[in-house]
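Numbering (my numbering), first residue to last: 21 to 172.
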């Protein structure tokens, strides 16, 4: 899926979960960044275009290790052990990226290096993805308004 769709989906999760986290700013920031990380292995992504990640693309293929629950679990464990206040936001953002990409035609290899893929029928940038994006933007706006109204 495209960056904007991943961000709209994770924004929805953030709005649902924010009441349950202690450090809201850290949670929001880390979840938003984490949802972009799986695409650092492609030159077509927002982060993958950055020079710092270009060399990584020589060593890993897109939708390989970095696009797997194997990697997600490993990094989440490391965060939990060494920087625990980042772990939940990272897990939410990263896992939602993988979940969303599992519905695309290219799919993901959830348990890399196992070759078995999970894939759906959504074409990246196609009408269905655009519809998903619009749905989540509207849902985000609705939830945000509801939270603002509830605050006052």
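Glycine included, each C-beta is placed from N, C-alpha and C at the ideal position.
Boundaries (first-last residue) of the alpha helix (DSSP H) holding residue i
i, result
"residue 109", "104–121"
"residue 87", "Careful: residue 87 lies outside any alpha helix (DSSP H) and carries neither H nor E."
"residue 46", "44–54"
"residue 169", "147–171"
Cβ neighbour criterion (16 or more within 10 Å) applied to residue i
i, result
"residue 39", "exposed"
"residue 171", "exposed"
"residue 166", "exposed"
"residue 63", "exposed"
"residue 149", "buried"
"residue 88", "buried"
"residue 120", "buried"
Residue i - partner residues in DSSP beta bridges
i, result
"residue 124", "142"
Interface flag, residue i vs chain C, CB-CB below 8 Å
i, result
"residue 54", "Annotation note: the requested chain C is absent from the structure, which comprises a single protein chain."
Separation of residue j from residue i, as counted between CA atoms
i, j, result
"residue 21", "residue 47", "23 Å"
"residue 115", "residue 60", "15 Å"
"residue 51", "residue 144", "22 Å"
"residue 56", "residue 25", "11 Å"
"residue 109", "residue 118", "14 Å"
"residue 49", "residue 122", "24 Å"
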